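Colleague:
Numbering (my numbering), first residue to last: 19 to 160.
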């Protein structure tokens with residue numbers, strides 16, 4: 019009997035298979051958004067002049083602390099994005115969690131860089147949406 023579908027070779031945990039569709043979109047956006055968060059964190063750690071410091075802000079961390087938060091989240095999001103792009107099921111769950119944390123961090127970062135924080139919040143929202151609607155066939159168990 020002839021089949022028209024494509025067959026994957028190897029076991030479910032084998033490497034080498036890449037995802038497509040919304041899951042691939044989420045992986046690429048996670049890598050992009052994470053890289054931008056890394057650059058944002060480096061600029062904040064260096065106390066660059068592009069950031070505005072406001073007085074009487076509820077979430078008063080110094081700029082260096084925010085920089086380390088964004089740098090750490092950015093690295094974790096990039097690593098999870100690579101794993102999502104590779105099709106790991108655990109990475110989709112971690113990716114949704116990290117994108118949610120990144121949204122919260124960027125919301126609290128709004129007074130320092132309103133436009134860029136809004137862009138990253140939108141990217142994180144698209145990542146969460148794409149990971150939630152991604153096909154079950156795209157995710158492999160590790």
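We treat Cβ as the ideally placed atom computed from N, Cα and C, and that holds for glycine.
Bear in mind that the values here come from a model prediction, so they are computed numbers and not experimental data.
1) Between the C-alpha atoms of residue 29 and residue 152, what's the straight-line distance to the nearest angstrom?
2) Straight-line CA distance for residue 91 to residue 55?
3) According to the neighbour-count rule (16 or more other Cβ atoms, all chains shown, within 10 Å of its Cβ), is residue 24 buried or exposed?
4) At 4 residues or longer, what runs of the alpha helix (DSSP H) sit wholly inside the stretch 41 to 116?
5) Let me check understanding here. Comparing Cα to Cα, which of 130, 135, 136 lies closest to residue 79?
6) Could you say which of 128, 111, 136, 124 lies nearest to residue 148 if we only look at CA atoms?
7) Three-state secondary structure (DSSP) at residue 118?
8) Going along the chain, which residues of its own chain have a beta-carbon closer than 8 Å to the beta-carbon of residue 132, five neighbours each way excluded?
9) Residues in the same chain with beta-carbon distance under 7 Å from residue 44, minus the five sequence neighbours each way, listed in chain order, please.
10) Work out the CA separation of residue 64 and residue 106 for me, nearest whole Å.
11) Tell whether a beta-carbon distance below 8 Å holds between residue 48 and residue 98.
12) How long is the line joining the alpha carbons of residue 125 and residue 81, rounded to whole angstroms?
13) Could you give the distance in angstroms between the alpha-carbon of residue 59 and the alpha-carbon of residue 93?
14) What's the gap between the Cα of residue 121 and the Cα of residue 86?
15) From residue 109 to residue 141, what does the alpha carbon distance come to, in whole angstroms?
Modeller: Reading it off the structure:
1) Along the chain shown, read from residue 1 onward, the residue named residue 29 stands at position 11. Along the chain shown, read from residue 1 onward, the residue named residue 152 stands at position 134. At residue 29, the pLDDT of 39 sits below 50, so the modelled position is not reliable; the number obtained from the coordinates is stated separately. For residue 29 and residue 152, the distance between alpha carbons rounds to 21 Å.
2) By one-based count along the chain shown, residue 91 stands at place 73. By one-based count along the chain shown, residue 55 stands at place 37. Answer to the nearest angstrom: the Cα atoms are 7 Å apart.
3) Position 6 of the chain shown, counting from 1, holds the residue named residue 24. Low per-residue confidence applies at residue 24: pLDDT is 45, beneath 50, and the placement is therefore not dependable, though the value from the model is reported in the following sentence. Result: exposed.
4) 81 to 103
5) Against the chain shown, residue 79 aligns to sequence position 61. Of 130, 135, 136, the residue nearest in Cα terms is 130.
6) Walking along the chain shown from the start, residue 148 turns up at place 130. Ranking 128, 111, 136, 124 by Cα distance to residue 148 puts 111 first.
7) Here the question's residue 118 lines up with position 100 in the chain shown. Correct three-state label for residue 118: helix.
8) The residue given as residue 132 occupies position 114 in the chain shown. Hits under 8 Å: none found.
9) Walking along the chain shown from the start, residue 44 turns up at place 26. 102, 113, 145, 148, 149, 152, listed in sequence order.
10) Taking the first residue of the chain shown as 1, we reach residue 106 at position 88. Taking the first residue of the chain shown as 1, we reach residue 64 at position 46. Rounded to whole angstroms, residue 106 to residue 64 spans 35 Å at the Cα level.
11) On the chain shown, position 30 is the one that residue 48 refers to. On the chain shown, position 80 is the one that residue 98 refers to. Yes, they are a contact pair.
12) Within the chain shown, numbered from 1, the residue matching residue 125 stands at position 107. Within the chain shown, numbered from 1, the residue matching residue 81 stands at position 63. Rounded to the nearest angstrom, the two C-alpha atoms are 15 Å apart.
13) Taking the chain shown and counting its residues from 1, one reaches residue 59 at position 41. Taking the chain shown and counting its residues from 1, one reaches residue 93 at position 75. Computed Cα separation, rounded: 10 Å.
14) Within the chain shown, numbered from 1, the residue matching residue 121 stands at position 103. Within the chain shown, numbered from 1, the residue matching residue 86 stands at position 68. Those two C-alpha atoms are separated by around 16 Å.
15) For the purposes of this step, residue 109 is identified with residue 91 of the chain shown, where counting begins at 1. For the purposes of this step, residue 141 is identified with residue 123 of the chain shown, where counting begins at 1. The alpha-carbon atoms of residue 109 and residue 141 are separated by roughly 17 Å.
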